[in-house]
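Here the protein sequences line up with chains A and B, keeping their order.
First residue of the first sequence: 1, per this note's numbering; consecutive thereafter.
First residue of the second sequence: 1001, per this note's numbering; consecutive thereafter.
Structure first, then comments.
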Amino acid sequence: MTLSSIIVWVLFASLPLFPFVSWAMGRWYQSRLMNALSEKEKLEGGSLQNENHLSTASSTALMSAQASALLHVSICVGPSMGQIFFMWFKSLVGGRLRSYEVVLEYGRREVLFRLREQAKALGCTSIHNVRLETSVISFAQNQDSKRSSVELLAFATGLIH
Amino acid sequence: MSNVETIPGKSITRSLGLVTGSTVRAKHLGKDIFAGLKNLVGGELKQYTDLLNESRNEALQRMMMQAHGMGANGIVNIRFATSSVAAGASELFCYGTAVVVE
């Protein structure tokens, strides 16, 4: 047996393992992203988060502001292929889809973090009327594709006092 | 531009009605291949994020152009919407009310 044929056989034999590998890689990578985000949030401190500086109300304290800016941030997130594969099994019995929960929670926290970053870059002191939207992006070729992505959008008005 | 009912710190003198802006964007094949690789681990798909941001800015530009054409100098109550119109393409849409402020 030549070396190339051995390689081909190894690749072929490892094909059934692919969902497991992708699942494990997804879990590992996403928990790393989550930890990095937690670190960033800790570093940021409470500079914009405290005392109602981030709110979904549209009327409070608007009149005293000198200027405003429209802020919008979006992020595209998705679970890994392996996770999607196992989700299919999970959907036979129903219940919580933990992989999706993790991914969406990460995305939403990240998008709010970036919104605060953008506000800070523009010199805003508070963020009002925050709206969060979720939409499914079908960039994949068909419905049965092992690819899935969700767009999370946040938009708000930043006020400069 | 703001997504609340007023433009903070300014007063609205006249309302000129609805303005809209939209773009339909398809994926870029090269970027899609990279995004496919990224799908091995999941998490953020940076290529799509960039693509959508770029398109959303374009939609905003178009809305601003329309408002400018009407003689407005501000847009209030802006809302964004995203929808998948076809496989491989999605529409980014934004709308608001054009106003004259002083």
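Even glycine gets a Cβ: it sits at the ideal position worked out from N, Cα and C.
Here the structure is a predicted model, which is why all the values come from computation and not from measurement.
- According to the DSSP assignment, H161 (chain A) belongs to no beta strand (DSSP E), since it is labelled neither H nor E.
- For the region 1039-1060 of chain B, the residues whose beta carbon sits under 7 angstroms from a beta carbon of chain A are, in order, N1039, L1040, V1041, G1042, G1043, E1044, L1045, Y1048, T1049, L1052, N1053, R1056.
- Around the Cβ of P19 (chain A), a 10 Å sphere holds 16 or more other Cβ atoms; the residue is buried.
- DSSP, reduced to helix, strand and coil, places T125 (chain A) outside both helices and strands of the structure shown, so it counts as coil.
- Between the region 1033-1050 of chain B and the region 1073-1087 of chain B, the count of C-beta pairs closer than 8 angstroms stays below three; the two stretches do not touch.
- Residues of chain B with a Cβ closer than 7 angstroms to the Cβ of N129 (chain A) are, in chain order, N1003, V1004.
- Taking C-beta atoms under 8 angstroms as the contact rule, S91 (chain A) and L159 (chain A) fail to qualify, at a distance of about 44 angstroms.
- If you look at S80 (chain A), you'll find it isn't in any alpha helix (DSSP H); DSSP assigns it neither H nor E.
- Unbroken beta strand (DSSP E) runs of no fewer than 3 residues, entirely contained in the region 1044-1098 of chain B, are found at 1074-1086, following chain order.
- Counting only residues of its own chain and dropping the five nearest sequence neighbours on each side, G1017 (chain B) has a CB closer than 8 angstroms to the CB of M1070, T1097, A1098.
- Scanning chain A for C-beta atoms nearer than 8 angstroms to the C-beta of S1083 (chain B) yields S135, reported in chain order.
- With a threshold of 16 other beta carbon atoms within 10 Å, L1051 (chain B) meets it and is buried.
- A:E133 is the residue among A:Q83, A:E133, A:S38 whose C-alpha sits nearest the C-alpha of L153 (chain A).
- Straight across, the Cα-Cα distance linking A1072 (chain B) with V1100 (chain B) is about 5 angstroms.
- Within chain A, the residues L62, M63, S64, A65, Q66, A67, S68, L159, I160 have their CB atoms less than 9 angstroms from the CB of G1009 (chain B), given in chain order.
- In the structure shown, the three-state DSSP call for R1025 (chain B) is strand.
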